[in-house]
Structures are given as C-alpha cells and as structure tokens.
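The structure appears right after this line, and notes come after that.
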Amino acid sequence: MPGKTDKILEQIERSRVWRSIFRSGRGGSPLHRALAIQQNVFLHLFSTKVRKRMLGFNATWYLGALTLGTFLILIVTGVLLMLYYHPSVPQAYADMKDLQFVVSSGLFLRNLHRWSAQVMVFLVFAHMFRVFYRGAYRPPREFNWVVGVVLLLITLLLSYTGYLLPWDQLAYWAITVGSNLSKAVPLVGDKIHFLLLGGNEVNANALLRFYVLHCLILPLAALLFIAVHFWRIRKDGGLYVHQSDPKTLAASKKVAPEKEAK
Amino acid sequence: MPDEKKHETSPPAGELNRRAFFAKIGLGSLGIAAAGTAGFAYQFLSPNVLYEPSPIVNMGKPERFAVDSVTMDSDSAIYVVHTAEGFFALSEICTHLGCMTVWNEELGIIKCPCHGSQFTQDGVVIAGPAPKPLPWLKTWVSDEGDLMVDRSTTIHPMQFLRV
C-alpha cells in the first residue's frame, strides 16, 4: 500500500525529532534541495548544484568515487579483521591462518580486504592519470592536485604497512627489503630505519609499529586529506569540465566558473 | 570595542613597543615548546631496551671447520671461512637491501636470491647491485677455546684469525 507508507513517511518527516535533525524541510523545490546538501555535514563538502552531465560516466569515469568506495570497503573489512588479529609474534601468523580456515567468513573478509587494497592502488593511479591527461590539475586546481599526491602516498604507505601484518616469509622479507631503502637517506637514514622498525631488524616492535600506522595513524590521515580533497572540488569551481567538449563549452558560457555557487 | 589604532604608538627605530614585545615572547615560547615536543617525541620513539638476539655468537670449537671451507650459519646470518691463512667471519646479509645471501658450493661464490648480487668468499662484490662488499666481522677465541663472532663490529678485510 504505497499511499499508506507515504503517509507514515510524511508523518515522520513532519515530526519534531526529524525536523530537529534535518532542517531543510519537506519539498522538492531548488531551495529545499540546495538546503538538503548545504545543511548536511557530509554533503556540504560538495557543491550544492552539479550539472547533470557531470554526473554521467563520461565526465569522470567515476574513478574518484570508486576509489572512495574501495576505501570504505577497506575500513569496514579492516575493522572486522582487527577483532581476530593480535599484532604480536608469533600470534599474528596464527591469527591470519585462523581467519582463513577457522573464522566464519574470515576468508571472505580477508580476501575482500586484500583485493580492495589492490584495486584501490590501481584506481588511485587511474584517477591520477585521468586528471593528468584531461589537464584537470591546472589552476585553480593545482592545490587539489598536491592534496591528491599526498593521498597517493598515504595509499601506498597503507598498502606497505599492511603487507607486514600476516607475518609470513613474504611479509618479513618484503619489509626487510623495503625498510632498508630508508637507510639510503643521507645522514639520517640509519636513524629513520631504527625509528621505523623500533629496532635494528624486523621484529615484534616493527610489527606493532606497522600495526598502529596501518590501523590508526594512516587511515586518520587519509580521512583528513580526503575531506580536504572533496571540499576543494567545490572551492575550485566544481568538477573539471574539459574545454574541448562542445556541449560543455555551450553550457559553461552561461555561468563563469568563478561565479558558480561556492 | 575600542579603536586599537588609537592606542598604538609607533616605537622609535630599533625599539619594540609593548605589543611587538609580547608577540615575540609568545612566539618564542611556542618555538621552545615545539622544539621540546620534537625532542621528547624522538626520545619516546627510540626504544632504550631491545629484545633482540645478542650480536655475539659462539660458533663452537674451531676444529669443526675444515681448511678451505665456507660454513653458512643461517640462524646467526654469518659465514665462517677457514682458509690456509686462518679464520674469518663474514656477514651473510646482503649490502644491497638486507636479504640473506647463500653460499654456492659448486661455483665457489656467495649469491643473493633477491636481486642477483654475487660475492667472492672474501666478500668482494663481483656482480649485481650490491654497493659494498660483505663486511668482515670481529672474531676471537674465548677462554674456553670457542670461536666467537661479534656481528655488530666490523673489521678491515684480510685480518685472519690464527688458532
């Protein structure tokens, strides 16, 4: 009975509790729709108005949005994996095996986490290449390009720190080789290596440090820079419109980019 | 709010007014606090006690190593080489990126499986990306007559230990 459900929904939306949370009010007018975006703490990062064309596949290939999607999958699966994982030697390896063979859906969650990580690295690079070849890094978007490079580094560091956590031979030697790269830094290389591992070799201290970096410090840094990255899209005049596109050219003549809602 | 401009008097050249003085004091103390925090963070992040294996290893009686032999001990990551000139110990850890090298008996060379570096039994690089020779480690004979190796102390090459 759609009529009845609509009535119930309407009653909920008119209730005092609902109105205290969502202040934009009922209605589909442009003002209501703009307020719905503007007055939501998550959505207000984005432009209140976007050209319909820019929401199509061809405008962006959805590469940035898909990257966010894999990041959210990684947060959910990662938090679940944390419930069964002890970052200690040699328990870490046993926990990883338990997740594969003993825990219900553990194998699925672990594989989903691993594959999403691989896909995220791929998508970040694809997004970067797309932005580069379309010229979307140019002023006024040059700062957002820099934020994107920081996010690329955070993504690679997340991938690298996660690699040690299974505590198997592959993990051990990959981190031994990778952390030895830091020794090549002039003057302070050995100190950086020592601080990174919390010792002279890949050991229990290194596992714990990489765990904290992987599960807390780097994800928080990523969230912070993702927020800035999205907010800057709005501040820099919305999604990038390629100048050679005739349809776009006609549309963008109506509103100069600087005069769009910010 | 009172007009701040009115109270501000430009100081004579080379002198500070009250506002600039307090701004300097504030920024200066913030700088000192930031430097202290950086020092504190560095000290906190450097462990003072390490639960790592001792760098000094006991390799047993020297007699167990035949003349003209290279013995690989993967647990302690060292080679004990016994030549006609005497004993020496060589680090097994590749100087490129820290992989464990392997002694190849047939070819008589040391090879790294990771990136293909090759060394002679004296540790000299003959191929691959390794930037430095494998270091010679300090060796001595203990009071009990055991061959001892200190993995944390390197010595100049060609210093043989005669027993």
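Chains H and A, in that order, give the protein sequences.
Here the first sequence stands for residues 2 to 263, where the numbers follow the working numbering.
Here the second sequence stands for residues 15 to 177, where the numbers follow the working numbering.
We treat Cβ as the ideally placed atom computed from N, Cα and C, and that holds for glycine.
- Taking a Cβ-Cβ cut-off of 7 angstroms, the neighbours of A:G112 in chain H comprise T177, V178, N181, given in sequence order.
- Nearest Cα to H:Y161 within the set H:A127, H:G70, H:Q119, H:N112: H:Q119.
- The residues I227, in chain order, have a CB closer than 8 angstroms to that of H:L69 in the same chain once the five nearest residues on each side in sequence are set aside.
- In this chain, the alpha helix (DSSP H) harbouring H:T177 covers 170 to 182.
- Residue range 64 to 83 is occupied by the alpha helix (DSSP H) that includes H:T78.
- Going by beta carbons, H:I155 and H:A222 fall inside the 8 angstroms limit.
- Exclusion of the five residues before and after H:A175 leaves Y164, L165 as the residues of its chain whose Cβ lies within less than 8 angstroms of its Cβ.
- In this structure, DSSP gives H:R210 a helical state, which the three-state scheme calls helix.
- Spatial neighbours of H:L124 in its own chain (CB-CB distance under 8 angstroms, excluding positions within 5 residues in sequence) are listed in chain order as L64, L67, T68, T71.
- Chain A has a Cβ within less than 8 angstroms of the Cβ of H:G200.
- Counting the other CB atoms within 10 Å of its CB gives H:Y86 a total of 16 or more, which places it among the buried residues.
- Around H:L196, the beta-carbon contacts reaching into chain A at under 7 angstroms are L59, S60.
- Across the structure, H:N201 and H:P141 are spaced so that their CA atoms are roughly 46 angstroms apart.
- In the structure shown, A:H96 falls within a strand segment according to DSSP collapsed to helix, strand and coil.
- Just so you know, the alpha carbons of H:M83 and H:L108 end up roughly 14 angstroms apart.
- For H:N206, the neighbours in chain A by C-beta distance under 7 angstroms run, in chain order, P61.
- Burial check for H:S21: the Cβ neighbour count within 10 Å stays below 16, so the residue is exposed.
- Between A:P171 and A:W150, the C-beta spacing is below 8 angstroms.
- At a beta-carbon threshold of 7 angstroms, the residues of chain A lying near H:W174 are C113, ordered along the chain.
- A:C126 is outside the set of residues whose beta carbon lies under 8 angstroms from a beta carbon in chain H.
- Relative to the Cα of A:Q135, the nearest Cα in the group A:D82, A:L44, A:T168 belongs to A:D82.
- Residue range 143 to 165 is occupied by the alpha helix (DSSP H) that includes H:L159.
- By the C-beta density criterion, A:I92 is buried, having at least 16 other C-beta atoms within 10 angstroms.
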